[in-house]
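Visitor: Dropping a structure here in structure tokens format, bear with me for questions.
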Amino acid sequence: MLAWTCPRCGTQNDADYALCASCGARPDGSINPAMAETAPGGRVLDCLRCGRPMTFRGSQRFHEGSQAAPFLLGGLGELLVNRQTFDVFACPGCGKVEFFVDPADH
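Numbering-wise, numbering that gives the first Met the number 0 puts 90 at position 91 of the sequence shown, and it's gapless, one number per residue.
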């Protein structure tokens, strides 16, 4: 088998790679189900800017409010800080990042 170019993201892959080293797609462009399962709800996204498949980078918790309250009040101050968890997706091609909240929490 010859080296192949991924039809989803354009990455050149060695002949012995069954999946794209960049996005995890198969040589026919289909999504590897194991890659989709890592994202919540099996979400698979293509970048709106460049069209390449985005990768799930995990869930991140961000807080809203003053950083002084937790510092001055210790553990009690953490109760006064609003926190929101976002699922983070990033494009390996252009660097675009997208955040998603759980629809049940919205």
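The beta-carbon is built from N, C-alpha and C at its ideal position, and this holds for glycine as well.
The model shown is predicted, which means the values in this text are computed figures rather than measured ones.
1. Using only alpha-carbon positions, find the residue among Val96, Leu1, Asp101, Val87 that is nearest to cysteine 49.
2. With H, G and I counted as helix, E and B as strand and the rest as coil, what does DSSP make of proline 52?
3. Where does the unbroken beta strand (DSSP E) through valine 96 begin, and where does it stop?
4. So the candidates are Phe61, Thr84, Ala24, Gly9; which of them puts its Cα closest to the Cα of valine 43?
5. State the beta-bridge partners of alanine 89 as determined by DSSP.
6. Under a Cβ-count criterion, where at least 16 other Cβ atoms within 10 Å of its own Cβ denotes burial, should phenylalanine 55 be classed as buried or exposed?
Guide: Reading it off the structure:
1. Val96
2. strand
3. 96-99 is the extent of the beta strand (DSSP E) around valine 96.
4. Of all alpha-carbon atoms in Phe61, Thr84, Ala24, Gly9, the one lying nearest the alpha-carbon of valine 43 is that of Ala24.
5. Thr54, Val96
6. buried
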